[in-house]
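*Asks:* According to our numbering, the sequence shown is numbered sequentially starting from 152. Pasting in a structure now, in structure tokens, and then I'll have a few things to ask.
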Amino acid sequence: STVPLSGTSMASPNAANAAAKLYAVNPGLTPAQAITILVETGRPIAEPFTGRIVDEVAAIARARRERSRRR
152 STVPLSGTSM ASPNAANAAA KLYAVNPGLT PAQAITILVE TGRPIAEPFT
202 GRIVDEVAAI ARARRERSRR R
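Rendered as structure tokens:
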């Protein structure tokens, strides 16, 4: 059986997982670049909440594009 969980205890491992995937497709990313990609490609959260929901597909696509630009 599963239990629904929320908050930073669940957000942190998901963000770390997404960042690891970005580094896998683009090892040259700096931490600041990875954060920027995750934030800028994230989807907005509905009111009254703030922040964004990580969109891994969009973030990975952008990390790949960034890598190909540096070649």
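In this text, a Cβ means the ideal position worked out from N, Cα and C, and glycines have one as well.
Less than 8 angstroms separating the beta-carbons of R194 and I204?
*Replies:* Closer than 8 angstroms, so yes.
*Asks:* Who does I204 pair with in a DSSP beta bridge?
*Replies:* R194.
*Asks:* Skipping 5 residues on each side, what residues in its chain have a beta carbon closer than 8 angstroms to that of R213?
*Replies:* So the list reads I188, E191 and T192, once near-sequence residues are dropped.
*Asks:* Using a Cβ-Cβ cutoff of less than 6 angstroms, which residues in the same chain neighbour R218 once the five nearest sequence positions on both sides are dropped?
*Replies:* So the list reads N177, once near-sequence residues are dropped.
*Asks:* Please classify Y156: does DSSP put it in a helix, a strand, or coil?
*Replies:* The residue asked about is misnamed: residue 156 is Leu in this sequence, not Tyr. L156: coil per DSSP, three-state reduction.
*Asks:* Please look up how many angstroms separate the CB atoms of A169 and A209, rounded, as I've assumed it's under 8 angstroms.
*Replies:* Going by Cβ atoms, the distance from A169 to A209 rounds to 11 angstroms, so no, they are not a contact pair.
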